[in-house]
Structures are given as structure tokens and as C-alpha cells.
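These protein sequence lines map, in sequence, to chains A and B. Everything in the first sequence is counted per UniProt numbering, starting at 1 for the first residue and increasing by one. Everything in the second sequence is counted per UniProt numbering, starting at 1 for the first residue and increasing by one. Glycine residues also receive a C-beta, built at the ideal position from the N, C-alpha and C atoms. Here the structure is a predicted model, which is why all the values come from computation and not from measurement. Read through the structure below, which is laid out as C-alpha cells, and then see the notes.
2 protein chains.
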Amino acid sequence: MTMAVDKTTTDREALHARLLEIGNQRYHDKHPFHVMLHGGRASTTQVRAWVINRYYYQSRIPMKDAAFLSRCEDPELRRAWRSRIEDHDGGLDEGGGIRRWLRLAEAVGLDPQYVASTRGVLSATRFAVDAYVAFVRERPLIEAVASSLTELFAPKIHSERITGLLEHYAFADDAALAYFRQRLNEAPRDVEFGLAYVLGHADTREKQDAAAAALTFKTDVLWAQLDALYFAYVVPGRIPPGAWDGREGVAREPTAKEAAE
Amino acid sequence: MTMAVDKTTTDREALHARLLEIGNQRYHDKHPFHVMLHGGRASTTQVRAWVINRYYYQSRIPMKDAAFLSRCEDPELRRAWRSRIEDHDGGLDEGGGIRRWLRLAEAVGLDPQYVASTRGVLSATRFAVDAYVAFVRERPLIEAVASSLTELFAPKIHSERITGLLEHYAFADDAALAYFRQRLNEAPRDVEFGLAYVLGHADTREKQDAAAAALTFKTDVLWAQLDALYFAYVVPGRIPPGAWDGREGVAREPTAKEAAE
Chain A
1 MTMAVDKTTT
11 DREALHARLL
21 EIGNQRYHDK
31 HPFHVMLHGG
41 RASTTQVRAW
51 VINRYYYQSR
61 IPMKDAAFLS
71 RCEDPELRRA
81 WRSRIEDHDG
91 GLDEGGGIRR
101 WLRLAEAVGL
111 DPQYVASTRG
121 VLSATRFAVD
131 AYVAFVRERP
141 LIEAVASSLT
151 ELFAPKIHSE
161 RITGLLEHYA
171 FADDAALAYF
181 RQRLNEAPRD
191 VEFGLAYVLG
201 HADTREKQDA
211 AAAALTFKTD
221 VLWAQLDALY
231 FAYVVPGRIP
241 PGAWDGREGV
251 AREPTAKEAA
261 E
Chain B
1 MTMAVDKTTT
11 DREALHARLL
21 EIGNQRYHDK
31 HPFHVMLHGG
41 RASTTQVRAW
51 VINRYYYQSR
61 IPMKDAAFLS
71 RCEDPELRRA
81 WRSRIEDHDG
91 GLDEGGGIRR
101 WLRLAEAVGL
111 DPQYVASTRG
121 VLSATRFAVD
131 AYVAFVRERP
141 LIEAVASSLT
151 ELFAPKIHSE
161 RITGLLEHYA
171 FADDAALAYF
181 RQRLNEAPRD
191 VEFGLAYVLG
201 HADTREKQDA
211 AAAALTFKTD
221 VLWAQLDALY
231 FAYVVPGRIP
241 PGAWDGREGV
251 AREPTAKEAA
261 E
């Protein structure tokens, strides 16, 4: 007779469902800026502002992952995690998510050197992203891993983005969107590892709550970036002092096709 | 004949003027949220949202100053700086800016325990304020001191605020506004010390630039808080997930006089 419920399995399933529900409620695919962007209603300036600000996030991901590695005593964990840095930074001369993002920058008519300088990035973007790096540097490892689990929800947004950008924007082609296609290959492997780690290590109610709070924190990091972008570049007249003014770093005028969008 | 210009004096004066100009361009007295608040056009909910979010800033100031003290090897500097913590935290049972801010919270109809819990604070507020604490913990001392020099511009905003709130809002009286009156006594002493420190230690062009950048960073910290507040509570329908919804922690309904404002 097997009357006893396997408590461990139940706990894992409950935590898994709880994490998915956080994404369901708070992931930034629901933010009005993304709805606007993917629906083809963003102006050239708004698309560019997104590319400039989101670059700052991309640029800090390998630093975040290096901060994580710097705290891992377990070589197994370091070996499994290290590919994230390689995926984003690429090799000495080519490859990597950061270079792919700069190709997107070029495609939307920005000088990639300007974008890479991170001048003109909104302060609110910096504060949110830097909070994420600090979180991973300072919190217990299980929380640091849990904060990466927004990748659970990323494949859906990347797919919507590829479809939406290709359909609505003249700049969008396979080269411009290579970043997103590549993430569709990388993210599932990363998130499978991270999810197994969190479900395996959250063996107390306190750790389960901490993991859920860490994922919630990360959804806030993403949401706050889009709030700042929306306020500065969609609400008229609200660009804060020192932020990109729509002109600096622009490599070309919008094409006739873009202007008509 | 004294033909030689005293370069040190010239440099000090140029840096002083440069710091004042940063405030002139970027201090948050120019932000539309403050213009609205001081001009009597903020709703009860908007005033309360400001009190809730600004509390988070107040609550981190003594932690910021403790981070500064933790890095000072010079007992003279520690002795001079320590009063900032005393001013904000007060004694074991009474006094201090934090308790005065909670009296303001009570005056605007909020439960001070709710405000002190910092639940409902905008994530963007946390990110900006935490960036300030991290800055003071991590950067060279001269930059940490320079980032405090927004106090140069604070007496003017505190005076405008006292006048504006007394004129336009039923909740405003001497007890409610004690925080601001007290800061009018404390800030000039603090800023005199900080300014003398920065002008005395910025003996290279590089340090002068770093001091100016630190003050600019701090104006961004203040500005970003008001951007987030404006977006969430002035632009309709934009309160982000998890932030104060206008109801939690409310201790009383607006009075008839407040409702008519």
C-alpha cells in the first residue's frame, strides 16, 4: 500500500506552478510598451530608444553572470553556468548576443558605437539593471538563480517579437533579428538548468518564498525599464535631463518606408 | 607686483560655479510632479503616493551615511559626518527626520506603520535609492561627499514646499511639516562641510570632473523617483504590478475639505 503522498514531489510541483504564475501575472510581455512595439505602433524614435536602453541590460548580463560565478564554490555549477557569459560576449572577434544586439542597432539606423557607449541611456534603466547585478552579487545563490527564471517566459516574447517586428517594420530582417532567434536556442537550455536547481534546492518554505520573491523582483526589474521608456518616449515632453534626445548617435534618416510606418 | 593668479582659488571658484550650475539645470525642483505638488494641484492620492515613496528615500539616508562612515579612516571626518545619522534617526524614543516624516504620513491620512513597512513602494523608487546607497558604499570618498551636495539646493525647495503645502492643502500645519522646517536648520551646516571638503580635495581636473559627475548622478537619482511617481500616479492606468493601489494603508477617508481641494 502506498498511501503516503511524496511530499518532495508535491512541493516541487507547487513551487513550479507558483513561479509560472508570477510570470503569468507580471512578466513584461504584458507591458503597454511591448504591446505597442510588437503591434507595429512604435515610431522609429521609440524603437531606437528601446534598442539604446535595452542594450544597457544586455551589456550587464555577462557581468551579472560573472558575479554569480565569482560566488560559486562548486566547479560543476560554474561549468554549467559559464556558457551564459560565452553566449552573450561571444569570441574575441565574433559572435555573441552583444554583437548581435549591435547589429539590430545598426539596422534601426543607429551608430553602434554610440549605442555601445551607453551614453544617453535613461538613469532609471541603469538603476533597475544595476539593482539586478547587485542582487545576484549579494543574495543567497538560490535567489540569484531564481532571479534568472524570467527566461521561462522569454521564448514566447521572443517569438512574438520576431513575428511582430518582421510584419510591421522595414528594418526587420533575419540579420537584424538574429539576437532573438539565437536566444530561442539558448534560453531553454539555461532555464531548464536553473529551474531544476531552484526546485531541487528550495527544500524549506522559507527558501520557496525567497525564490518566488527573487523572481518577482526580476519581473520588477524588467517592468520598470519599460515604464521609464514609456514615460520618456511615449508620453510627450518627458525625456529626463541627460537622456537620449532622439538625435544623438543617429547614423541615417528614416527611409521613406520607415517614415510611412 | 602680484601678477600670478592664485590658481587654487580660481579652480575652487570654477568648480563651485560648475556644481551650482548642475543644480540649476537638473535639480528636481523643476520636475513637473513638484510643480504640481507645490502649486496645490496634487490629489490626496498623489500626495499620499509621494509620502509613501519618499519615505523609502528617507529610510535609506542613515544607511547611506553609515556606509560612508564605514569607509572613513579619519576620525575627524567621521565625527563631522555622524550628525547626519543622528539627525535622521533621532534618539531611542523620539526625534529624528524619519519620525517627523511619519508624522507627515499620519497627517495625510496614512497609517504610519504601513508607510514604515515600505510595502507598496514603487520598484523604480527602490532601484534609484539603492543605487545612491551603493554609490556611496563603492566610489571614492570625494565622489561620495559630492553626491550629497544636492543639499545645496534643498533649502529653496523646502521653503517652497512649506509655503505651497500650507497654502493649498488642509492637512498641512506646523506639526505635519516639521520635517521640512527642521531640514532648513540642518542642511546648511551639512552642506557647508561637504562643499568645503569637495572644493578642498578636488585638486586635479580628473577629481573635479568626478565630483561634477557624482552630483549629476545624484540629481538623476532624485529626478528618476519623480518620473516614476508621475508615471504611476498622474498618467492614468499606469500603476505597476505590486505598487500601492491608492487604498492599502489608508487610515481615514479624505476630509470634506481635502476632497474639495
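Min CB distance residue i to chain A below 9 Å
i: L20/B; result: no
i: F153/B; result: no
i: M1/B; result: With a pLDDT of only 46 at M1/B, under the threshold of 50, the placement of this residue in the model should not be trusted, and no figure is reported.
i: I52/B; result: no
Span of the alpha helix (DSSP H), counted from its first residue to its last, around residue i
i: L226/B; result: R205 to Y233
i: Y55/B; result: T44 to L69
i: E258/A; result: A256 to A260
i: G23/B; result: K7 to R26
i: E86/B; result: P75 to D89
i: P32/B; result: P32 to H38
Residues bridged to residue i [DSSP beta-bridge criterion]
i: V250/A; result: L110/A
Neighbour flag for residue i against chain B, beta carbons, 9 Å
i: S123/A; result: yes
i: F217/A; result: yes
i: D220/A; result: yes
i: S70/A; result: no
Proximity test, residue i beta-carbon vs the ligand MG heavy atom, cut-off 8 Å
i: A17/A; result: The ligand MG is not among the ligands present in this structure, which contains no ligands whatsoever.
*Can you list the alpha helix (DSSP H) stretches of 4 or more residues lying completely in the stretch 119-183 of chain A, in chain order?*
The stretch 119-183 of chain A is shown to contain whole alpha helix (DSSP H) runs of 4 or more residues at 123-138, 141-146 and 154-168, in chain order.
_Residues of the stretch 222-245 of chain B with Cβ closer than 8 Å to any Cβ of chain A, in chain order_ = Answer in chain order: W223, A224, D227, A228, Y230, F231, A232, V235, R238, P240, P241 and G242.
*What are the residues of the stretch 125-144 of chain B that lie near chain A, defined by any Cβ-Cβ distance shorter than 8 Å?*
Taking 8 Å as the Cβ-Cβ cut-off, the stretch 125-144 of chain B approaches chain A at R126, F127, A128, D130, A131 and A134, given in chain order.
*With 7 Å as the limit, tell me which residues of the stretch 16-48 of chain A have their beta carbon closer than that to any beta carbon of chain B; keep them in chain order.*
Within the stretch 16-48 of chain A, the residues whose Cβ lies closer than 7 Å to some Cβ of chain B are Q25 and R26, listed in chain order.
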